[in-house]
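Since the structure comes first, as structure tokens, the remarks are kept for the end.
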Amino acid sequence: MTHTTSAPTLVWFRDDLRLADNPALAAALAQERPLILLYVLDEATPGLRSLGGAARWWLGRSLAALAADIERAGGSLLLRRGPADEVLRDLVREAGVVSVHWNRRYDAGAIALDRRIKAELTRAGVEVTSHSATLLHEPWTLRTKSGGPYRVFTPFYRAAAPLGPRRIVPRPEALPPGPDLPGDTLAAWHLEPAQPDWAGGLRASWQPGEAGAHEVLRGFLDHGIHGYAERRDRPDSEHTSRLSPFLRFGNLSPVQALAALHHAAEAGEALGRDVEKFRSELYWREFSYHLLFHNPDLATTNVNHRFDSFAWRDDGAFERAWRRGRTGYPIVDAGMRQLWQTGWMHNRVRMIAASFLIKHGLVDWRRGEAWFWDTLVDADPANNPASWQWVAGSGADAAPYFRIFNPMLQGEKFDPDGAYVRRFVPELAELPADVIHQPWRAKPEVLARAGVELGTGYPRPIVEHGAARERALAAYHRSGEE
């Protein structure tokens, strides 16, 4: 293949749907060639996990925002669908591409695919370069003193935090045009639901894309960060960042988030604990990717293999009630309905809901992980399975098996006025705070005044907490998890 100055460079977008702080894009621009900006919808390559419905919606909106940003800068986004290796092979030949850049991914299927593509294109004389863009540190750069991967968060954090991330790459002021190539329309991909259209709550809750990410980040640093360390576990408050879907799809990089956090700390007053706590949350994301890289089957296999013999229950009725937010435990039901309506759930409530499915229902954590994968806009190949395994007790640095959340006490502690439950379980909205998390304990006249009919309008608990707790402990005991 003959290299000429008119031969194009290709940038393959994946989980990095932004222009600012995009190392692959910056490196390609430095070559001063015509530029092909490509996104491939690959739903055919074995080993790649297909996105769930909510994540597909986010992807579609993010691609629309990215295409508009690229167009304003003078370029165009090329969309093609199919196995990524075939798409890139054909496009390289079709356009005479001499150089390809992409930002790395860390799940096993994507790593294997990228290696195959790099090997094939390199043999064809094409320069292929991968870059670090979606993490603060590459997973293989952090090792314990014995040389192995970390399995506990605190020592991981202590080792990683002092290293400091890479420098932020500036947003390009302009993009050079590339060759005129045929591609798909975004509408043809049908990433948004149509019949039925269940995404109304998502549209009302989110503005995917780079601009939306920075708007949410600014709002959090202006308001939410103040008191974050103390109030982040309160689902009734606004002290969560809501940045997770933007980080998941790369509308924002963790390097940008960390830099903005440090800037806020320098300009703010008395933010030390708040900044440190949010910083540790960014590194929890890093730790999840560290686990994924070193445990490629994280979404399907127990990290702690002692759980392999655990006798999970196949209880379809329990699982359906949990999915629909009809368990009879208001804090659990509020979380599951928030998830269905908005594609997101407060982190504390995620833990409560996951614990309820796993330990009150003895339903396999993989069932819950799969439901979250389909319904979360921030469904992440690392965070989602790592967090489910943490709750189950089967993961690295996991919660102990005997940590079984009491949903009534959790609700009373973190939603003391019942504002969160009232928002997402409106049939309980008129109950007083002292019984809203345990409506079955309310006097009949209190229920009547609130218009609550237990068993019809709102379900009674599908399982009694004390009995479920004892059953879970007995099951763990039988499986040797004592």
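Numbering of the sequence shown is given in our numbering, commencing with residue 1 and proceeding in unit increments. We put the beta carbon where it would ideally sit given N, CA and C, even for glycine. Predicted model only: the values in this text are computed from it and were never measured.
Buried versus exposed, by CB contacts within 10 Å (16 or more), residue i
{"i": "residue 88", "result": "buried"}
{"i": "residue 144", "result": "exposed"}
{"i": "residue 163", "result": "exposed"}
{"i": "residue 337", "result": "buried"}
{"i": "residue 94", "result": "exposed"}
{"i": "residue 286", "result": "buried"}
{"i": "residue 443", "result": "exposed"}
{"i": "residue 140", "result": "exposed"}
{"i": "residue 173", "result": "exposed"}
{"i": "residue 190", "result": "exposed"}
{"i": "residue 23", "result": "buried"}
{"i": "residue 263", "result": "exposed"}
Cβ neighbours of residue i in the same chain (closer than 7 Å, five flanking residues each side left out)
{"i": "residue 168", "result": "21, 255, 256 and 259"}
{"i": "residue 373", "result": "52, 379 and 384"}
{"i": "residue 43", "result": "50"}
{"i": "residue 217", "result": "243, 252, 257 and 260"}
{"i": "residue 4", "result": "Low per-residue confidence applies at residue 4: pLDDT is 45, beneath 50, and the placement is therefore not dependable, though the value from the model is reported in the following sentence. Answer for residue 4: no residue qualifies."}
Where residue i sits in the DSSP three-state scheme
{"i": "residue 136", "result": "coil"}
{"i": "residue 484", "result": "Here the chain covers residues 1 to 482 and nothing more, so residue 484 does not appear."}
{"i": "residue 482", "result": "For residue 482, the predicted structure reports a pLDDT of 46, less than 50, and the residue's modelled location is therefore unreliable. The matter cannot be settled from this model."}
{"i": "residue 414", "result": "helix"}
{"i": "residue 363", "result": "coil"}
{"i": "residue 131", "result": "strand"}
{"i": "residue 404", "result": "coil"}
{"i": "residue 246", "result": "helix"}
{"i": "residue 338", "result": "helix"}
{"i": "residue 185", "result": "coil"}
{"i": "residue 430", "result": "coil"}
{"i": "residue 369", "result": "helix"}
{"i": "residue 150", "result": "coil"}
{"i": "residue 256", "result": "helix"}
{"i": "residue 274", "result": "helix"}
{"i": "residue 329", "result": "coil"}
{"i": "residue 176", "result": "coil"}
{"i": "residue 229", "result": "helix"}
{"i": "residue 163", "result": "helix"}
{"i": "residue 170", "result": "coil"}
{"i": "residue 389", "result": "helix"}
{"i": "residue 312", "result": "coil"}
{"i": "residue 469", "result": "helix"}
{"i": "residue 15", "result": "coil"}
{"i": "residue 105", "result": "coil"}
{"i": "residue 425", "result": "coil"}
{"i": "residue 50", "result": "coil"}
{"i": "residue 68", "result": "helix"}
{"i": "residue 23", "result": "helix"}
{"i": "residue 118", "result": "helix"}
{"i": "residue 75", "result": "coil"}
DSSP beta-bridge partners of residue i
{"i": "residue 40", "result": "80"}
{"i": "residue 9", "result": "35 and 99"}
{"i": "residue 458", "result": "454"}
Which listed residue (the options) has its alpha carbon closest to that of residue i
{"i": "residue 333", "options": "468, 276, 399 and 422", "result": "422"}
{"i": "residue 346", "options": "85, 232, 194 and 252", "result": "232"}
{"i": "residue 395", "options": "79, 300, 239 and 75", "result": "300"}
{"i": "residue 251", "options": "48, 459, 67 and 453", "result": "67"}
{"i": "residue 397", "options": "323, 293, 408 and 288", "result": "288"}
{"i": "residue 31", "options": "218, 454, 50 and 175", "result": "175"}
{"i": "residue 479", "options": "451, 407, 401 and 432", "result": "401"}
{"i": "residue 466", "options": "364, 159, 359 and 196", "result": "359"}
{"i": "residue 239", "options": "317, 414 and 430", "result": "414"}
{"i": "residue 473", "options": "461, 173 and 405", "result": "405"}
{"i": "residue 453", "options": "75, 463, 434 and 430", "result": "430"}
{"i": "residue 292", "options": "117, 110 and 71", "result": "110"}
{"i": "residue 83", "options": "273, 107, 39 and 129", "result": "39"}
{"i": "residue 72", "options": "29, 34, 19 and 101", "result": "19"}
{"i": "residue 207", "options": "229, 193 and 245", "result": "245"}
{"i": "residue 48", "options": "10, 107, 36 and 407", "result": "107"}
{"i": "residue 201", "options": "327, 377, 437 and 321", "result": "377"}
{"i": "residue 296", "options": "375, 91, 386 and 13", "result": "386"}
{"i": "residue 212", "options": "63, 450 and 408", "result": "63"}
{"i": "residue 60", "options": "188, 451, 391 and 424", "result": "188"}
Same chain, Cβ closer than 8 Å to residue i, neighbours up to 5 away in sequence not counted
{"i": "residue 155", "result": "144"}
{"i": "residue 15", "result": "103, 105, 134, 248, 249 and 250"}
{"i": "residue 313", "result": "361, 362 and 363"}
{"i": "residue 279", "result": "161, 258 and 261"}
{"i": "residue 126", "result": "1, 92, 97, 98, 99 and 100"}
Check: residue i C-beta below 7 Å from any heavy atom of the ligand SAM
{"i": "residue 468", "result": "Of ligands this structure carries none, so the ligand SAM is not represented either."}
Cutoff 6 Å; reference residue i; Cβ partners in own chain excluding five residues on either side
{"i": "residue 220", "result": "241"}
{"i": "residue 271", "result": "265"}
{"i": "residue 91", "result": "none"}
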